[in-house]
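Each remark here refers to the structure printed beneath this line.
Numbering (my numbering), first residue to last: 74 to 199.
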């Protein structure tokens, strides 16, 4: 399987870096199978950081290796919905968080063991 990571910098060796931002699945290295989605992430990250250029780092992963990891699959943005239901977000904020990106999928690699199965292939400038 081919996965894409959109950023403002080239990423050949993925790392799990703690973020100050609230991410859907917490700290981790995020990828997607959708090139257009990664492109949007790259542009958004470049604009937010006001540095670098939009870059997509391409990784390959053997599906059989992925199957050996502990995985969770969510059909929707569970965290945002739960936070809304708990009263942490207003309805307006929850809608803003859920709708604009219209994500196809996200893969959050949260351990060094998981990162080790990612094989860097190439970088694409967008």
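Note that CB positions come from ideal geometry on N, CA and C, so glycine has one too.
| request: Could you round the C-beta distance between residue 133 and residue 192 to whole angstroms and report it? I think they count as a contact, below 8 Å. | output: 5 Å
| Per DSSP, residue 133 forms a beta bridge with which residues? | 75 and 192
| Inter-residue spacing [alpha-carbon to alpha-carbon] between residue 181 and residue 122 | 21 Å
| query | Skipping 5 residues on each side, what residues in its chain have a beta carbon closer than 7 Å to that of residue 140? | reply | none
| message | Contact defined as beta carbons within less than 8 Å: I believe residue 87 pairs with residue 188. What is the distance between those atoms, to the nearest angstrom? | response | 5 Å
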